[in-house]
Amino acid sequence: MIVRNEVENLARCLNSVKDTVDEIIIVDTGSTDRTVEIAKSFGARVFNHPWEGSFSKARNYSLKYATCEWILILDADEELSKDGPPRLKEIIKNNNYETISFVVKNKYKDSTQESYANMIRLFKNFNGTHYEGTVHNIIKCRGKRLDSSLSITHHGYNLSEEEMEEKFMRTTTLLKEQIKTDPHNPVPHMYLGVSYLGNNIYDEAIAESKRALELAKKKKFTLRDFLVSYYVVSAAYLKKGNSKESEKYALKSIEIDDQFIDGFCILSFIYYDSKEYGRFLQTSENYLNSWDSITTHPGKSNTFTSHTIGHKWKIHLLRGFYYLSSGQDERGNTEVDTALKESTEIEDCLKLLGNFHMENNNLDKAEETYKKLLHTNETAVDVLVKMGHVKFRKRDLQETVLFWKKAVAIEPTLFDIRLLICKVNIVQGKFEDVIADCDRLLHILSI
Numbered sequence: 001m002i003v004r005n006e007v008e009n010l011a012r013c014l015n016s017v018k019d020t021v022d023e024i025i026i027v028d029t030g031s032t033d034r035t036v037e038i039a040k041s042f043g044a045r046v047f048n049h050p051w052e053g054s055f056s057k058a059r060n061y062s063l064k065y066a067t068c069e070w071i072l073i074l075d076a077d078e079e080l081s082k083d084g085p086p087r088l089k090e091i092i093k094n095n096n097y098e099t100i101s102f103v104v105k106n107k108y109k110d111s112t113q114e115s116y117a118n119m120i121r122l123f124k125n126f127n128g129t130h131y132e133g134t135v136h137n138i139i140k141c142r143g144k145r146l147d148s149s150l151s152i153t154h155h156g157y158n159l160s161e162e163e164m165e166e167k168f169m170r171t172t173t174l175l176k177e178q179i180k181t182d183p184h185n186p187v188p189h190m191y192l193g194v195s196y197l198g199n200n201i202y203d204e205a206i207a208e209s210k211r212a213l214e215l216a217k218k219k220k221f222t223l224r225d226f227l228v229s230y231y232v233v234s235a236a237y238l239k240k241g242n243s244k245e246s247e248k249y250a251l252k253s254i255e256i257d258d259q260f261i262d263g264f265c266i267l268s269f270i271y272y273d274s275k276e277y278g279r280f281l282q283t284s285e286n287y288l289n290s291w292d293s294i295t296t297h298p299g300k301s302n303t304f305t306s307h308t309i310g311h312k313w314k315i316h317l318l319r320g321f322y323y324l325s326s327g328q329d330e331r332g333n334t335e336v337d338t339a340l341k342e343s344t345e346i347e348d349c350l351k352l353l354g355n356f357h358m359e360n361n362n363l364d365k366a367e368e369t370y371k372k373l374l375h376t377n378e379t380a381v382d383v384l385v386k387m388g389h390v391k392f393r394k395r396d397l398q399e400t401v402l403f404w405k406k407a408v409a410i411e412p413t414l415f416d417i418r419l420l421i422c423k424v425n426i427v428q429g430k431f432e433d434v435i436a437d438c439d440r441l442l443h444i445l446s447i
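Oh and the sequence shown: position 158 is 158 in the UniProt record's numbering, straight run, nothing missing.
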C-alpha cells in the first residue's frame, strides 16, 4: 500500500485483510496525522519515501519491500469484501494463474451511484513487475490471468464537495504533466476525459476523449481498452443536448463490444426521448441483459469499467412509462414496481413517476405519488408546487393556494407562483387576499 494522511480510512482497510495476509507493506509519502501509528498497530512494516509526483513511483517502491510469493494491492480508501479472505486463499492454491483481477466497486458521496471496474490486484512476486502511469497506474506483470468475482469496495469518491474538488485538481494536474512528458500516449488523455466528465466540464471531456481515441487508433491499440472514452464522448454530448453525436459514439462502442452496458444505457435514453420505442425496447433489454451478466459474473465482464451499473432503476422506470402509455398496464406496473424497489434515488424516482402521471392527466396517481414525497420531506418546494398544480387541475382552488403558499413561505422568490396565487384568489373573489399578496410581492421586490 501507499498512503498519506489516511487516518479516516486506513483501519477499515487493514481490518478487511489483517487475518488473511502474511505481511503488510506500507509506503508513506509524508503523513502528518496518525496514519503511521495506525499502520504499525496492525503490525505493518512502514517505509517513508517523499512524494515524487507519481503514484507509480511510490507503488513501485512498495513492491520492492514485499517478501511473499503473492502480492495483494489495496489503497487505504478500499476494503476487501467480507467473503474475500476464504475465497482468496482458495484461488491462491490454484497454481494455474499468476495474476488475478478483482471487481472494484466505486461508491460515491450520495450513495446513489456506483461503477464497476475489473483490475489486477493480486499477482505473483516476479522480478520485473512494476507500475506505469503518473496517476491511474497500470500494472505490468507476466503470467496467465484469472478474472475473478472477488470484490473490493472503493470509497475514494465518497468525499465532501471540497475534497472532491481537491482530488479533481490534483488528478488533472498530474495527468496534464504526464501528457507534457508523453504527449502521444492515449491513456492520460483517456483518464483526463473521465475526470472532466465527472466534474461536468463537457467540452473538455469530449476533446480529451477524442484525442485518446485518435492516439489509440494511430498506435493500433486495442480499442476495447478505450471503451470508456467512447462512453465519455457519448455521455458528454447527451448532456449538451446533441443526441445525434451521442448516438454515433454509443453505437461505435457497442460495435466494439456487443455487451457494453454503458453504450446500451446511453442509447436507451436517446431512443426513449426521441420516441423511437422499438429501438428503445431493444437497447434497454440489452442493457438489462448486460447488467445481469456483470452482476452475476462480474469477473467475466469484457468491459474494464461500467459507469452506468447504477442506472438499472431508470431503465426499468422508462420501460414502465412506455408500457403504461401503450395500454399495457400490467407490464408497465411491473416495471415501475421494479424501479421503485431497486432505486437508490427514491426521491428522484418518485418525482419522475409523479411527473409522468401529471403529463398523462392521471391526477389521482400523481397526487398519490407526490404525497409520498411530501411524507418523506414536507418542505420539498418543487413537490409542493407540483401538488398545487395537481389541485388546480382538479379544480380544488383552496387546496391549490394552500400548497403554493407553503412553497413561497419556504422560497419567497418564487414570483411566478405568487402571481398564480393572486390569479386563483381573483377567481375565488378573495380580493383582500390578492391585495395582501401583491403588497408582500412588492415588498420582496423593494418597490
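All residues carry an ideal CB built from backbone N, CA and C; glycine is no exception.
How many angstroms separate the CA atom of residue 40 from the CA atom of residue 29? 15 angstroms
Are three or more beta carbon pairs between the segment 234-243 and the segment 280-295 nearer than 8 angstroms? no
Using the beta-carbon count (16 or more within 10 Å), is residue 169 buried or exposed? exposed
Unbroken alpha helix (DSSP H) run spanning residue 193, endpoints: Here the alpha helix (DSSP H) through residue 193 covers 186-198.
Where does residue 418 sit, in a helix, a strand or coil, going by DSSP? helix
Determine, using beta carbons only, whether residue 175 and residue 159 come nearer to each other than 8 angstroms. Not closer than 8 angstroms, so no.
Are the CB atoms of residue 229 and residue 213 within a distance shorter than 8 angstroms? In this structure, residue 213 lies near residue 229, with their beta-carbon atoms less than 8 angstroms apart.
Could you pull out every residue in the same chain whose Cβ sits closer than 7 angstroms to the Cβ of residue 399, ignoring the five residues on either side in sequence? 391
Per the DSSP calculation, residue 26 is bridged to which residue(s)? 46
By a C-beta neighbour count over all protein chains shown, 10 Å radius and 16 as the cutoff for buried, is residue 339 buried or exposed? buried
Quick check for students: name the residue ranges of the alpha helix (DSSP H) that lie wholly in the segment 335-411, counting only runs of 4 or more. 346-359, 363-376, 381-393 and 397-410
Close beta carbons around residue 134, own chain, < 6 angstroms, minus the five adjacent residues each side: 54, 174 and 178, listed in sequence order.
Pick out whichever of 436, 292 and 190 has its Cα sitting closest to the Cα of residue 136. 190
Beta-carbon within less than 7 angstroms of residue 420's beta-carbon, same chain only, minus the 5 sequence neighbours each way: which residues are those? 404
Residues of its chain near residue 84, where Cβ-Cβ distance is below 6 angstroms and the 5 sequence neighbours each way are ignored: 150
So the candidates are 366, 384, 262 and 422; which of them puts its Cα closest to the Cα of residue 116? 262
Taking the Cβ atom as the reference point for each residue, do residue 119 and residue 74 lie within a distance shorter than 8 angstroms? The answer is no: Cβ separation not under 8 angstroms.
Residue 20 versus residue 90 - alpha carbon distance: 12 angstroms
Proximity of residue 397 and residue 434 at Cβ, strictly below 8 angstroms: no
With three or more beta-carbon pairs closer than 8 angstroms as the criterion, would you say the segment 308-325 touches the segment 335-349? yes
Nearest-angstrom Cα separation, counted from residue 241 out to residue 406: 34 angstroms
I'd like the list of long-range same chain contacts for residue 418, defined as Cβ closer than 7 angstroms, with 5 residues on each side in sequence excluded. 408, 437 and 441
Along the chain, which unbroken stretches of the alpha helix (DSSP H) at least 4 residues long are found entirely within the segment 259-298? 261-273 and 277-296
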